[in-house]
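Student:
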Amino acid sequence: MTFQKTDLAQRDLDSVWHPCTQMHDHPRVPMIAITHGQGIWLYDDHGQHYLDAVSSWWTNLFGHAEPHIASAIKDQLEQLEHVIFAGFTHQPAVELAERLIQITPSGLERVFYADNGSSAVEVGLKMSYHYWRNCGYHDKTRFATLSGSYHGETLGALSVSDVALYRSTYAPLLLTPVIVPSPDAYQRETGESWKAFAHRRLADMRAVFEQQADSLCAVIVEPLVQCAGGMRMYHPSYLHGLRQLCDEFQVHMIADEIAVGFGRTGTLFACEQAHIRPDFMLLSKGLTGGFLPLAAVLTTAEIYAAFYAEYTSHKAFLHSHSYTGNPLACRAALATLDLFRDRPVLERNHELAAHLGRMVAPLVEHPHVAEVRQTGMIAAVELVQDKASRRPFPAVQRRGLDVYLYCLKHGVLQRPLGDIIYFMPPYCITTEEIELMVRTATAGINHATS
Ligand code: PMP
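Per the numbering used here, the sequence shown runs over residues 1 to 450.
1. Give me the Cα-Cα distance between Asn446 and Leu405, rounded to the nearest whole angstrom.
2. CA-CA distance, Pro27 and Thr154?
3. Which same chain residues end up closer than 6 Å to Asn326 when comparing Cβ atoms and leaving out the 5 residues on each side of it in sequence?
4. Please work out which residues of its chain come closer than 7 Å, Cβ to Cβ, to Gln371, disregarding the five sequence neighbours upstream and downstream, and give them in chain order.
5. Taking 7 Å as the cut-off, does the CB of Cys227 come closer than this to any heavy atom belonging to ligand 1?
6. Once the 5 residues before and after Val360 are set aside, which same chain residues still bring their CB inside 8 Å of it?
7. Looking at ligand 1, does it come within less than 7 Å of Ile378, judged from the CB to the closest heavy atom?
8. Assuming the contact rule is C-beta atoms closer than 8 Å, Gly376 and Thr288 should be a hit. Round their C-beta distance to whole Å, please.
9. Measure the C-alpha to C-alpha separation of Ala388 and His368 and round it to an integer number of angstroms.
10. Give me the Cα-Cα distance between Ala171 and Ser119, rounded to the nearest whole angstrom.
11. If we count Cβ pairs, one from each stretch, closer than 8 Å, do we get three or more for the stretch 322-339 versus the stretch 83-96?
12. For Gln79, count the other beta carbons within 10 Å of its own beta carbon; 16 or more makes it buried, fewer makes it exposed. Which is it?
13. Quick check: the stretch 299-309 against the stretch 38-54, are at least 3 beta-carbon pairs closer than 8 Å?
14. With a threshold of 8 Å on Cβ separation, who are the neighbours of Val221 within its own chain once the five nearest residues in sequence on each side are excluded?
15. Examine chain D for any beta-carbon lying closer than 8 Å to the beta-carbon of Glu153, and answer yes or no.
16. Could you give the DSSP three-state label for Leu158: helix, strand or coil?
17. Express the C-alpha separation of Gln22 and Gln10 in angstroms, rounding to a whole number.
18. Nearest to Phe62 by alpha carbon, out of Arg110, Asp338 and Ala270?
19. Taking 8 Å as the cut-off, decide whether the C-beta atoms of Val251 and Ala296 are in contact.
20. Starting from the C-beta of Met1, find all residues in its chain whose C-beta is less than 7 Å away, skip the five residues before and the five after it, and write them out in chain order.
21. Classify Cys217 as buried or exposed, calling it buried when 16 or more other Cβ atoms lie within 10 Å of its own Cβ.
22. Roughly how many angstroms separate the alpha carbons of Ala65 and Lys315, rounded to a whole number?
23. State yes or no: is the C-beta of Glu122 nearer than 7 Å to some heavy atom of ligand 1?
24. On the premise that Val178 lies in contact with Val208, defined as a C-beta separation below 8 Å, what is that separation, rounded to the nearest angstrom?
25. For ligand 1, any of its heavy atoms closer than 7 Å to the Cβ of Asn326?
26. In whole angstroms, what separates the C-alpha of Phe280 from that of Leu100?
27. If we call anything under 8 Å between Cβ atoms a contact, is Leu294 one with Asp115?
28. For Gly444, which residues of its own chain have a beta-carbon under 6 Å away from its beta-carbon, when the five flanking residues on both sides are left out?
29. Between the alpha carbons of Phe143 and Val219, how many angstroms are there, rounded?
30. Please state the DSSP three-state secondary structure of His138.
31. Tell me whether Arg348 is buried or exposed, calling it buried when 16 or more other Cβ atoms sit within 10 Å of its Cβ.
32. Per DSSP, His252 forms a beta bridge with which residues?
33. To the nearest whole angstrom, what separates the beta carbons of Phe197 and Arg206, a pair I think is in contact under 8 Å?
34. How is Trp17 classed by DSSP in three states: helix, strand or coil?
35. With 16 as the cutoff for other CB atoms within 10 Å, does Tyr50 come out buried or exposed?
36. From Gly117, His199 and Leu96, pick the residue whose C-alpha is nearest to that of Glu109; which is it?
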């Protein structure tokens, strides 16, 4: 197959500025104009189709154009497309809040809506800071985060992120968080278990809390998988220990489940595997099944109560987006929750994840693969130049981009994070499609490393 510029792709390149893209890469990297999607497949205006191995930036859960979600949105369109969400409310927003409270860890009892993941992070950070201020703790003004973490790219969210690619340029504009070493199991010693390493890294967090808890509002974490930082995975006991430290030192725990929530890690929410309740849980991406932008910040009754006071006390939480609680997005989210309720999604995912694991396992023998790792429906393959020392390929070689281009030519949308090839497909994927996806990526890896 050869790539040709289509009219639409050319018009795009003449007028649009894309996210996370050096536009100069085009047209060496083809711009693909998608006309429609169906299930796991995306179709372009040349009649090519692509298996969406990355769930369109981790948003899509049940496939493109999933009929139940699509029809819920159509139905909502005829009733109410949007309404100001201050002083006014509507059925989809109320019902969604009630249902999110039911399915998230017990003790999360209030839902604040935003319209994308980064905004949810901003809300979580501001709410935590404001809570302490409302309670008289004026010295608590800082945040702790893990090395290698990613929480979005608005200035507040970027401040608590530690991926150089996104952060370095803007560093002079950002808050300075305390960056604590991540429990990322890739960094463990040879022979050390994920669990033992997680415990070792908890000691680093304890040391930070001992010194600085008085100035810390919260610690923010991506539970179990640090996604944009390279699908870096860690043992659930870290979250359990972190919860205990947060209680001991009076620091909030913000669980950013924007990428890992809604079944990606094997449980509905990653925090469940550590049996913990964070003080704030952030949800977005899969919340609407990948159909519409929406985010939800869940928190406790106690935190809510610290804002509930006479108007003149100036304790109200002031954070507003025009599209807060958009009814169409809330209906999409309700339809998504219906699918979790009515279908054995997690059970089926368990089988799919096992198959994915079997398919990626042989890659561990590859001369340029340092590690193959998996948590639930997320699997990642770490490409390196030297297997023994784990020395990476020089970044300028852009081996991951070669994998991307190879897979695209062979009908799979595979978008590596640097040289980390990962699989995070929609849950409607079949075992045959898993095989196709992994075989294509394996051929792409061979091509890019030969
Ligand atoms: N947090 C995490 C863990 C994410 O993976 C992302 C997006 N990749 C965000 C926050 C930001 O979400 P959004 O892109 O919707 O702003």
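Glycine is no exception: its CB is placed at the ideal position from the N, C-alpha and C atoms.
Keep in mind the model is a prediction, meaning the values are calculated, not measured.
Tutor: So, from the listed chains and residues:
1. As a first step, residue 446 must be located in the sequence shown, where it is residue number 446. As a first step, residue 405 must be located in the sequence shown, where it is residue number 405. About 13 Å.
2. Counting from 1 along the sequence shown, the entry for residue 27 is found at position 27. Counting from 1 along the sequence shown, the entry for residue 154 is found at position 154. Roughly 28 Å separates the two Cα atoms.
3. Along the sequence shown, read from residue 1 onward, the residue named residue 326 stands at position 326. These residues qualify, in order along the chain: His82.
4. Translated into the one-based positions of the sequence shown, residue 371 becomes position 371. A small correction: the amino acid at residue 371 is Glu; Gln does not occupy that position in the sequence shown. The residues are Tyr186 and Glu382.
5. The count along the sequence shown starts at 1 and reaches residue 227 at position 227. Result yes, Cβ under 7 Å from ligand 1.
6. Indexing the sequence shown from 1 puts residue 360 at position 360. Excluding sequence neighbours, Val360 sits near Val372, Gln374, Ala379, Val381, Phe423 and Val438.
7. Position 378 of the sequence shown, counted from the start, is the residue given in the question as residue 378. The answer is no for Ile378.
8. In the sequence shown, the residue the question calls residue 376 occupies position 376. In the sequence shown, the residue the question calls residue 288 occupies position 288. Wrong, their Cβ atoms sit about 20 Å apart, outside the cutoff.
9. Here the question's residue 388 lines up with position 388 in the sequence shown. Here the question's residue 368 lines up with position 368 in the sequence shown. One C-alpha to the other measures close to 9 Å.
10. Taking the first residue of the sequence shown as 1, we reach residue 171 at position 171. Taking the first residue of the sequence shown as 1, we reach residue 119 at position 119. C-alpha separation (whole angstroms): 19 Å.
11. yes
12. Working through the sequence shown from its first residue, we reach residue 79 at position 79. Gln79 should be labelled exposed.
13. no
14. Counted from its first residue, the sequence shown places residue 221 at position 221. So the list reads Thr145, Leu146, Ser149, Leu239, Leu242, Met253, Ile254, Ala255 and Asp256, once near-sequence residues are dropped.
15. Judged by its chain identifiers, the structure shown contains no chain D, having just a single protein chain.
16. Along the sequence shown, read from residue 1 onward, the residue named residue 158 stands at position 158. Here Leu158 sits in helix by DSSP.
17. Position 10 of the sequence shown, counted from the first residue, corresponds to residue 10. Position 22 of the sequence shown, counted from the first residue, corresponds to residue 22. Near 16 Å, if we compare the C-alpha coordinates of Gln22 and Gln10.
18. Mapped onto the sequence shown, residue 62 falls at position 62. Checking every option, the nearest Cα to that of Phe62 belongs to Asp338.
19. Your numbering for residue 251 matches position 251 in the sequence shown. Your numbering for residue 296 matches position 296 in the sequence shown. No.
20. Taking the sequence shown and counting its residues from 1, the one referred to as residue 1 is at position 1. No answer about Met1 holds up, because its pLDDT of 48 lies below 50 and its placement is not dependable.
21. Position 217 of the sequence shown holds residue 217. When all chains shown are included, Cys217 counts as buried.
22. Here residue 65 refers to the residue found at position 65 of the sequence shown. Here residue 315 refers to the residue found at position 315 of the sequence shown. So the alpha carbons of these two residues sit roughly 43 Å apart.
23. Locating residue 122 in the sequence shown gives position 122, counting from the first residue. No, Cβ of Glu122 sits at least 7 Å from all heavy atoms of ligand 1.
24. Within the sequence shown, the letter at position 208 stands for residue 208. Within the sequence shown, the letter at position 178 stands for residue 178. Sure, about 6 Å apart at Cβ, within 8 Å.
25. Position 326 of the sequence shown, counting from 1, holds the residue named residue 326. Result no, Cβ not under 7 Å from ligand 1.
26. Counting from one through the sequence shown, the residue named residue 280 turns up at place 280. Counting from one through the sequence shown, the residue named residue 100 turns up at place 100. Computed Cα separation, rounded: 13 Å.
27. Indexing the sequence shown from 1 puts residue 294 at position 294. Indexing the sequence shown from 1 puts residue 115 at position 115. Against a cut-off of 8 Å, the Cβ pair of Asp115 and Leu294 comes out as a contact.
28. Translated into the one-based positions of the sequence shown, residue 444 becomes position 444. These residues qualify, in order along the chain: Val403, Tyr406 and Cys407.
29. Here residue 143 corresponds to residue number 143 of the sequence shown, with the count starting at 1. Here residue 219 corresponds to residue number 219 of the sequence shown, with the count starting at 1. Whole-angstrom Cα-Cα distance: 6 Å.
30. If you number the sequence shown from 1, residue 138 lands on position 138. Here His138 sits in coil by DSSP.
31. Walking along the sequence shown from the start, residue 348 turns up at place 348. Its Cβ having fewer than 16 others within 10 Å, Arg348 is exposed.
32. The residue you call residue 252 lines up with position 252 of the sequence shown. Beta-bridge pairing links His252 to Ala218.
33. As a position in the sequence shown, residue 197 is number 197, starting the count at 1. As a position in the sequence shown, residue 206 is number 206, starting the count at 1. Not confirmed; about 15 Å, so no contact.
34. Locating residue 17 in the sequence shown gives position 17, counting from the first residue. Residue state, collapsed to three classes: coil.
35. Position 50 of the sequence shown, counting from 1, holds the residue named residue 50. By the 10 Å Cβ count, Tyr50 comes out buried.
36. In the sequence shown, counting from the first residue as 1, residue 109 sits at position 109. Selected option, being the one with the closest Cα: Leu96.
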